[in-house]
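In the numbering used here, the protein residues as written are 159 to 259. In this text, a Cβ means the ideal position worked out from N, Cα and C, and glycines have one as well. All values derive from a computational prediction rather than experimental measurement. The next block holds one structure in the form of structure tokens; read it before the comments.
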Amino acid sequence: MAEHPPFEGTEFQIKVWNALKEIPRGEVRTYTEIAVQIGHPNSARAVANACGQNPYPPIVPCHRVVRKDGGLGGYSGVGGVETKRRLLNEEGVSITPSHSK
């Protein structure tokens, strides 16, 4: 995987972005799961905001984070949610119509 320059962001954002790098290819996590992982269990919305500020998509794979209801959520990279869907499909993650939100 390509590398990126050192992160510049808040301490919270950097925790989120580092957690994203730990998600294996072909797997997804929810915003809530990431919030719990970084020690902020009630901060799923803040995790989503940090994903939206990710300076290195898809190198830092924010596309692997979805909503707890199975919806895709947003994507900060070029092409938005359609790119997120394509990247997940390329990694073998099944995206059903209910995941399209």
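I'd like to confirm the pairing. Which residues does DSSP put opposite residue i in its beta bridges?
i, result
"Val-223", "Arg-187"
Quick one: residues in its chain with C-beta nearer than 6 angstroms to the C-beta of residue i, no 5 flanking neighbours on either side, listed in chain order?
i, result
"Thr-190", "Ala-202 and Lys-226"
Compare the C-alpha of residue i against each of the options and name the closest.
i, options, result
"Ile-196", "His-221, Gly-235, Phe-170 and Pro-213", "Phe-170"
"Asn-207", "Lys-173, Leu-245, Arg-183 and Gly-228", "Lys-173"
"Cys-209", "Arg-244, Gly-228 and Thr-168", "Thr-168"
"Val-236", "Gly-229, His-221 and Glu-185", "His-221"
"Pro-219", "Gly-184, Ala-204 and Ser-252", "Gly-184"
"Asn-247", "Val-186, Gly-232, Pro-199 and His-198", "Val-186"
Note down, in chain order, each residue of its chain lying with its Cβ closer than 7 angstroms to the Cβ of residue i, except the 5 sequence neighbours on either side.
i, result
"Pro-216", "Gly-235 and Leu-245"
"Ala-177", "Ile-192, Gln-195 and Ile-196"
Contact defined as beta carbons within less than 8 angstroms: I believe residue i pairs with residue j. What is the distance between those atoms, to the nearest angstrom?
i, j, result
"Thr-188", "Val-239", "Going by Cβ atoms, the distance from Thr-188 to Val-239 rounds to 16 angstroms, so no, they are not a contact pair."
Apart from the five residues on each side of it in sequence, which residues of its chain come closer than 8 angstroms, Cβ to Cβ, to residue i?
i, result
"Glu-166", "Pro-213"
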